[in-house]
Amino acid sequence: MIDKRVKNLTEAVAGIKDGSVVLCAGFGGAGLPDALCEAVVEQGARDLTVVANNAGTGRTGLAALMAAGRVRKIICSFPRSSGSVVFEELYAAGKIELELLPQGTLSERMRCAAAGLGGYYSPVSVGTRLAEGKEHREIDGRMYVFEKPLRGDVALLAADRADRWGNLTYRKSARNFNPTMAMAADLAIVQVRHLVELGELDPERIVTPGIFIDRVVQVAF
Amino acid sequence: MPLKRRQIAWRAAQDLKDGAYVNLGIGLPTLVSDFIPADREIVLHSENGILGVGPAPGANEADPDLINAGKQPITLVTGGSYVHHTDSFLMIRGGHLDLALLGAFEVAENGDLANWTTDDPGFPPGVGGAMDLAAGAKEIRVLLEHTTKAGAPRLRKRCEYPLTAAGVVKRIYTDLAVIDVTREGLVVRELAEDISFDQLQAKTEAALRPAPDLRPLRGPAV
Numbered sequence: 205m206i207d208k209r210v211k212n213l214t215e216a217v218a219g220i221k222d223g224s225v226v227l228c229a230g231f232g233g234a235g236l237p238d239a240l241c242e243a244v245v246e247q248g249a250r251d252l253t254v255v256a257n258n259a260g261t262g263r264t265g266l267a268a269l270m271a272a273g274r275v276r277k278i279i280c281s282f283p284r285s286s287g288s289v290v291f292e293e294l295y296a297a298g299k300i301e302l303e304l305l306p307q308g309t310l311s312e313r314m315r316c317a318a319a320g321l322g323g324y325y326s327p328v329s330v331g332t333r334l335a336e337g338k339e340h341r342e343i344d345g346r347m348y349v350f351e352k353p354l355r356g357d358v359a360l361l362a363a364d365r366a367d368r369w370g371n372l373t374y375r376k377s378a379r380n381f382n383p384t385m386a387m388a389a390d391l392a393i394v395q396v397r398h399l400v401e402l403g404e405l406d407p408e409r410i411v412t413p414g415i416f417i418d419r420v421v422q423v424a425f
Numbered sequence: 468m469p470l471k472r473r474q475i476a477w478r479a480a481q482d483l484k485d486g487a488y489v490n491l492g493i494g495l496p497t498l499v500s501d502f503i504p505a506d507r508e509i510v511l512h513s514e515n516g517i518l519g520v521g522p523a524p525g526a527n528e529a530d531p532d533l534i535n536a537g538k539q540p541i542t543l544v545t546g547g548s549y550v551h552h553t554d555s556f557l558m559i560r561g562g563h564l565d566l567a568l569l570g571a572f573e574v575a576e577n578g579d580l581a582n583w584t585t586d587d588p589g590f591p592p593g594v595g596g597a598m599d600l601a602a603g604a605k606e607i608r609v610l611l612e613h614t615t616k617a618g619a620p621r622l623r624k625r626c627e628y629p630l631t632a633a634g635v636v637k638r639i640y641t642d643l644a645v646i647d648v649t650r651e652g653l654v655v656r657e658l659a660e661d662i663s664f665d666q667l668q669a670k671t672e673a674a675l676r677p678a679p680d681l682r683p684l685r686g687p688a689v
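Chains A and B, in that order, are what the protein sequence lines are.
Residues are numbered in my numbering as their position in the first sequence, beginning at 1, plus a constant of 204.
Residues are numbered in my numbering as their position in the second sequence, beginning at 1, plus a constant of 467.
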């Protein structure tokens with residue numbers, strides 16, 4: 205019997221270790237695992253490296269985790285956006301390390317980890333500051349930089365619907381980083397709006413199959 | 468008369484080809500979506516996994532799950548689709564987009580693009596999808612005001628700000644001119660009325676050449 209559902213957020217985030225690399229999905233206000241991030245504040249893991257496109261907004265979700273002093277380093281493409289007040293305070297005070305990656309590089313490095321690959325050569329960032337220190341290689345007349353796989357110990361995800369096997373569907377642009385991060389972490393935890401019976405999700409519409417998912421928790425968001 | 472911002476966007480929209488898949492950068496390029504000629508079907512791509520970006524929703528119709536790369540609420544056109552981030556950037560990096568219209572701080576005469584950071588120490592840097600688009604789309608065109616607010620030229624011999632990508636820009640739309648980046652340097656195709664070529668050159672650090680068929684740059688009241 206496969207049943208990945210857990211009763212509450214406390215069970216959902218249990219066991220996350222200090223020093224973990226945490227993949228945190230979402231883009232802008234869509235597809236954010238805010239409830240899971242806030243549960244990690246309660247759970248207590250610290251010295252985290254967070255991988256996320258944005259560095260949180262307001263004082264909730266990822267911003268709450270950063271405000272609690274649990275995030276040592278953030279790897280992201282666009283940390284500053286309207287409302288990224290917590291990140292800006294920590295950055296100005298030198299209390300958080302920032303590694304900046306192009307958005308597609310962030311995503312493809314995680315896909316490489318998910319696919320069991322040792323990295324890939326990318327044309328993105330060639331000739332710029334972000335390529336400094338990376339291996340360069342010319343392939344068929346074009347220059348590329350080598351990008352390593354980026355793996356998470358944990359992925360915090362948000363989806364619209366799930367069944368007890370952990371099959372997931374998303375809504376509109378809330379899909380964003382969720383499917384890739386689900387595949388790229390050892391422990392994939394998802395908050396969902398709706399839990400449905402096994403068989404209710406149309407197999408043609410399942411975006412993330414349950415093989416990638418470890419824990420499912422239903423919350424209102 | 469220099470063009471207003473919406474007129475720069477209008478002018479760039481006139482060059483869009485029927486059937487093109489196009490990414491519009493944040494800021495000035497986003498305005499282009501208001502001016503797509505009615506006789507053309509253009510599919511707008513957004514980095515966060517949308518093909519077929521439609522107009523802004525009406526009052527009370529915004530869906531928080533449906534936003535563009537600038538995090539503004541949008542709609543999806545009939546025929547539109549959603550993908551996840553990695554596939555969205557596969558479209559970008561793999562050369563599947565016909566065109567990206569981007570904003571810029573500076574463009575150099577060799578097509579170098581600087582649009583991601585000004586190195587302001589009080590302002591943490593962000594790159595987003597800028598480098599992916601600049602390296603990956605089949606063609607890069609840039610929309611920007613010809614000079615800074617202080618009057619400093621933005622079309623430079625070499626970019627002062629850190630590069631987004633080297634040698635990628637093919638066409639530049641400003642409030643004063645439409646300029647092509649060629650192997651022989653910057654060629655002015657269209658020039659705003661009431662400004663001479665010499666006056667345009669004085670506002671431009673890079674050397675300009677007039678096209679043999681230099682035309683007036685006009686925009687409708689938009």
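Think of the CB as a built atom: it goes at the ideal place given N, C-alpha and C, for glycine as much as any other residue.
Under the Cβ distance rule, Gln307 of chain A counts among the residues neighbouring chain B, one pair being separated by less than 8 angstroms. Chain A places a beta carbon closer than 8 angstroms to that of Pro591 of chain B, counting this residue as a contact. Comparing alpha carbon positions, the residue from B:Pro629, B:Ile509, B:Gly494 closest to Gln481 of chain B is B:Ile509. Tyr295 of chain A sits in a helix when the DSSP states are folded into three classes. Taking 8 angstroms as the cut-off, the Cβ atoms of Gly414 of chain A and Ile534 of chain B do not count as close. Spanning the alpha carbons of Gly320 of chain A and Ala597 of chain B requires a straight line of approximately 27 angstroms. At the C-beta level, Val394 of chain A and Ile410 of chain A stay beyond 8 angstroms of one another. The CB of Val689 of chain B never comes closer than 8 angstroms to any CB in chain A; the least such distance is about 27 angstroms. Within chain B, the residues Pro591, Gly593 have their CB atoms less than 7 angstroms from the CB of Pro283 of chain A, given in chain order. Taking 8 angstroms as the cut-off between beta carbons, the residues of the region 495 to 528 of chain B near chain A are Ser513, Glu514, Asn515, Gly516, Ile517, in sequence order. Think of a sphere of 7 angstroms around the beta carbon of Ala378 of chain A: the chain B residues whose beta carbon falls inside it are Asp532, in chain order. Runs of the beta strand (DSSP E) spanning 3 or more residues and lying entirely within the region 262 to 289 of chain A occur at 275 to 280, in chain order. Counting only residues of its own chain and dropping the five nearest sequence neighbours on each side, Thr497 of chain B has a CB closer than 6 angstroms to the CB of Leu491.
Among the residues facing chain B, Gly322 of chain A is not included, as its CB has no counterpart in that chain under 8 angstroms away.
Contact residues of the region 294 to 318 of chain A toward chain B are Tyr295, Leu302, Leu304, Pro306, Gln307, Gly308, Ser311, Glu312, Arg315 (C-beta to C-beta distance below 7 angstroms).
For Leu557 of chain B, the enclosing alpha helix (DSSP H) stretches over residues 552 to 560. Look at Glu404 of chain A here: in three-state DSSP terms it is coil, with no helix or strand label. Taking a Cβ-Cβ cut-off of 8 angstroms, the neighbours of Ile559 of chain B in chain A comprise Gly308, given in sequence order. Neighbours of Phe572 of chain B in chain A, taken as residues whose beta carbon is under 9 angstroms from its own, are absent, since the nearest beta carbon is some 14 angstroms off. Pairing Val550 of chain B with Gly521 of chain B gives a Cβ-Cβ distance that is not under 8 angstroms.
Nearest in C-alpha terms to Lys637 of chain B, of all of B:Asn577, B:Ser513, B:Pro469, is B:Asn577. Within chain B, the residues whose beta carbon sits less than 8 angstroms from that of Glu292 of chain A are Pro591, listed in sequence order. By the C-beta density criterion, Gln307 of chain A is buried, having at least 16 other C-beta atoms within 10 angstroms. For Tyr549 of chain B, a Cβ of chain A is located within less than 8 angstroms of the residue's own Cβ.
Classified as exposed, Gly525 of chain B has fewer than 16 neighbouring CB atoms from the shown chains inside 10 Å of its CB. Here DSSP, grouped into helix, strand and coil, assigns Asn490 of chain B to strand.
Assignment of beta-bridge partners to Leu252 of chain A by DSSP yields A:Val275. Judged by their CB atoms, Ser377 of chain A and Val349 of chain A are not nearer to each other than the 8 angstroms cut-off. The beta carbon of Ala632 of chain B sits closer than 8 angstroms to some beta carbon of chain A. Inter-segment contact for the region 287 to 304 of chain A and the region 239 to 252 of chain A is absent: fewer than three beta-carbon pairs are separated by less than 8 angstroms. Taking the C-beta atoms as reference points, Ile493 of chain B is found nearer than 8 angstroms to Gly537 of chain B.
The C-alpha of Leu402 of chain A lies about 41 angstroms from the C-alpha of Ala604 of chain B. Short of 6 angstroms from the beta carbon of Pro683 of chain B, and not among the five residues preceding or following it, lie these beta carbons of its own chain, in chain order: Glu660.
Note on the region 340 to 385 of chain A: there is no whole alpha helix (DSSP H) run with a minimum of 4 residues. Counting along the chain, no beta strand (DSSP E) covers Ile509 of chain B, and no H or E run does either. Non-local beta-carbon contacts of Trp477 of chain B in its own chain, meaning distances under 7 angstroms to residues more than five positions away in sequence, involve Phe502, Gly686, Pro687, Val689 in chain order.
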